[in-house]
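Note sheet for the following structure.
Numbering (the numbering used here), first residue to last: 6 to 259.
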């Protein structure tokens, strides 16, 4: 269950889903869902406006002796004044090979959409390396880099035409997991992605990040606070360069 603000950005914080146990051959996961329904007067006698908000995300992982397999998903929907104001979601799959080694290898694939920004589809696949800089009980710090191919289909909502882009990119990230005490943990991941858009003859840079604070209630339930933000130097369609999201909620672990 998640309670969230009306500002949205989608950043993938894989670190929140990684498992650091020494054992293997088990499944793990988390699930959250929030539904908001209410009406309000619109200034005319007897008339009301209806608000519908749905937020859900979850992940499931399998940990083998040498590898970790993760599948993550998220969906956000807001309807107001009889029209969809927000509809966005993604599905992400990732495999980490030699998970317990200081230097491990990763492969991933993702699909994403954000209709109200004009992003009809973003599909990408990539592979790279992940290096454990610090692996202590009270601090884990990782660096990763990969190459990926990204396909995007955008809808220019102002002028009503479509744009397709296929851009190879370099993606790097830095991530931190910091247990503050037995009941409170902070995690953060920040990405920098860059690629050359040959038809437009320009470099496209994307910087994005996520901060997550998790407070453990018991074995099954946790309180969560997340702040996500993303910046693109040259948006493909006329949208704000900077987006952010602040969410608070409850999640169920299994």
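No residue lacks a Cβ here, since even glycine has one placed at the ideal position from N, Cα and C.
- Under the criterion of beta carbons closer than 8 Å, residue 75 and residue 98 qualify as touching, at roughly 7 Å.
- Our two residues, residue 30 and residue 109, have alpha carbons roughly 18 Å apart in a direct line.
- In the assembly as shown, residue 139 is an exposed residue. Its beta-carbon has fewer than 16 other beta-carbons within 10 Å.
- Of all C-beta pairs linking the segment 202 to 220 to the segment 148 to 161, fewer than three are shorter than 8 Å, placing the two stretches out of contact.
- Nearest Cα to residue 246 within the set 83, 175, 228, 213: 213.
- With contacts defined by Cβ atoms closer than 9 Å, residue 193 and residue 217 form a contacting pair.
- Annotation: residue 106 to residue 225 spans about 29 Å, alpha carbon to alpha carbon.
- In the DSSP annotation of this structure, the continuous segment of the beta strand (DSSP E) that includes residue 74 starts and ends at 73 to 85.
- DSSP places residue 30 outside any beta strand (DSSP E), giving it a letter other than H or E.
- Contact between residue 244 and residue 123 holds: CB atoms are separated by about 7 Å, below the 8 Å threshold.
- Per the C-alpha coordinates, the member of 56, 208, 61 positioned closest to residue 35 is 61.
- Exposure of residue 142 is indicated by the presence of fewer than 16 other C-beta atoms within 10 angstroms of its C-beta.
- When rounded, the separation of the alpha-carbon atoms in residue 146 and residue 185 is 15 Å.
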